[in-house]
Each structure stands twice: as C-alpha cells, then as structure tokens.
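Trainee:
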Amino acid sequence: MEPVARKIFKGVLLLEMAGVAGACFVFYRMDASQDDTDAFSYIFTVYYKSNEWAGVHGIREKDQLKWLSNKN
Numbered sequence: 246m247e248p249v250a251r252k253i254f255k256g257v258l259l260l261e262m263a264g265v266a267g268a269c270f271v272f273y274r275m276d277a278s279q280d281d282t283d284a285f286s287y288i289f290t291v292y293y294k295s296n297e298w299a300g301v302h303g304i305r306e307k308d309q310l311k312w313l314s315n316k317n
C-alpha cells in the first residue's frame with residue numbers, strides 16, 4: 246500500500262473505532278441511568294427499540310415504573 250493510502254486507511258479506521266466506542270459508551274450510560282427522559286426522548290426510543298430487537302424485553306416498563314415511583 247502507498248504511504249498516503251495507508252495514512253487515510255489508518256485515519257478512517259481510527260474514526261470507526263472512536264464511533265463504536267462512543268456508541269458503546271452512550272449505550273451503557275443510558276443502560277445504567279434512569280433519569281428523566283424528557284430531554285432525550287428520541288435517544289431513549291432508539292435505545293429501547295434496539296434492546297427489543299436484540300431480544301431484551303422489559304427495560305422500558307422497568308424504567309417507567311422507576312420514574313413513576315420517583316415522581317410520587
């Protein structure tokens with residue numbers, strides 16, 4: 246491979262790895278956090294749907310019960 250192509254490949258690979266690491270960080274942060282979802286309603290919708298597609302059910306209901314008990 247040419248030196249320029251190698252540098253471009255390394256840069257793209259580094260960006261991909263940073264994107265995956267960022268997505269994992271956000272996923273685990275949202276998985277551990279049960280704060281109010283008003284500010285991040287779209288993100289939580291994607292989070293719940295991705296878990297349901299992966300076969301993990303009941304997280305949305307568990308979080309809703311937790312939020313309702315915190316508000317009362």
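Numbering (this note's numbering), first residue to last: 246 to 317. Even for Gly, the Cβ is constructed at its ideal location relative to N, Cα and C. Here the structure is a predicted model, which is why all the values come from computation and not from measurement.
1) For residue 292, count neighbouring C-beta atoms within 10 Å of its own C-beta (all shown protein chains included) and say buried if the count is 16 or more, exposed if not.
2) In three-state terms, what does DSSP make of residue 256?
3) For residue 275, count the other beta carbons within 10 Å of its own beta carbon; 16 or more makes it buried, fewer makes it exposed. Which is it?
4) Just the C-alpha distance for residue 264 and residue 294, rounded to the nearest angstrom, thanks.
5) My guess is that residue 304 and residue 296 are in contact by the Cβ rule of under 8 Å, so how many angstroms apart are they, rounded?
6) Indicate the three-state DSSP secondary structure (helix, strand or coil) for residue 261 in the structure shown.
Mentor: Reading from the atomic positions:
1) buried
2) helix
3) buried
4) 20 Å
5) 5 Å
6) helix
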